[in-house]
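J.: Structure provided below as structure tokens; questions to follow.
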Amino acid sequence: MMRSGWTAAVLAGAFVIAAAAGAFAQGKGDAKAGAEIYKKDCAKCHGDGGSGDGPQGQKLKDKPSDWTKGGGGLKDLNDQQVYEAIAKGGGAVGKSKAMPAYPKLSEADVWNVVAFVKSLKK
Ligand code: HEC
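Take 0 as the starting number for the sequence shown in numbering that gives the first Met the number 0 and just add one per residue.
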């Protein structure tokens, strides 16, 4: 009786530590959740792999940059600026206004997409 209670407490403690470590390692967003949003809203311009080759992007005067080549347009943006570019549109960070704003996404969702976008950077 005593012993199984102790084991449960140790397991619960280990779980809390593992969960906290996981959240820390991931930073602010969850790239997996961001991937879903990216596929639906962004790939048509930025391309499935982030190389800027989405069919809708090809028709724009200002073409999306290739994130897979040294970071492309992401290179000189910090996390907060990437966030602003998505939430408020390209104009908010001095990029093309062809990059639309996404006020429909929650703050958490924008951070999820930020995490995914950064994972495409090579
Ligand atoms: C209508 C086409 C279009 C859609 C849809 C679109 N973008 Fe963009 N995006 C652009 C263009 C064009 C730029 C500007 C590229 C530049 O100035 O280098 C841009 C710029 C950006 C930037 C700034 C970094 C850079 O490469 O300039 C980020 C970050 C970004 N987009 C993320 C997203 C995300 C995330 C989504 C989906 C939620 C999205 N975009 C949807 C066209 C689009």
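Even glycine gets a Cβ: it sits at the ideal position worked out from N, Cα and C.
Go through the stretch 69–117 residue by residue and report every complete run of the alpha helix (DSSP H) that reaches 4 residues or more, in order.
T.: 78–87
J.: If you measure between the beta carbons of ALA100 and ALA114, is that distance less than 9 Å?
T.: As a first step, residue 100 is located in the sequence shown; it is residue number 101 there, counting from the start. As a first step, residue 114 is located in the sequence shown; it is residue number 115 there, counting from the start. No, they are not a contact pair.
J.: Of the residues LYS43, ASP52, ALA97, GLN80, which one's Cα is nearest the Cα of LYS60?
T.: In the sequence shown, residue 60 corresponds to position 61, counting from 1. Checked all of LYS43, ASP52, ALA97, GLN80; the closest Cα to LYS60 is ALA97.
J.: In whole angstroms, give me the CA-to-CA distance for ALA8 and GLY93.
T.: Against the sequence shown, residue 8 aligns to sequence position 9. Against the sequence shown, residue 93 aligns to sequence position 94. Computed Cα separation, rounded: 52 Å.
J.: Any heavy atom of the ligand HEC closer than 8 Å to the beta-carbon of SER64?
T.: For this step, residue 64 is matched to residue 65 along the sequence shown. SER64 Cβ: within cutoff of the ligand HEC.
J.: Determine the DSSP secondary structure at TRP66, reduced to helix, strand or coil.
T.: Taking the sequence shown and counting its residues from 1, one reaches residue 66 at position 67. In the three-state scheme derived from DSSP, where H, G and I count as helix and E and B as strand, TRP66 is classed as coil.
J.: According to DSSP, is LYS38 part of a helix, a strand, or is it coil?
T.: For the purposes of this step, residue 38 is identified with residue 39 of the sequence shown, where counting begins at 1. In the structure shown, LYS38 falls within a helical segment according to DSSP collapsed to helix, strand and coil.
J.: Helix, strand or coil for LEU119, going by three-state DSSP, please let me know.
T.: Counting from 1 along the sequence shown, the entry for residue 119 is found at position 120. Here DSSP, grouped into helix, strand and coil, assigns LEU119 to helix.
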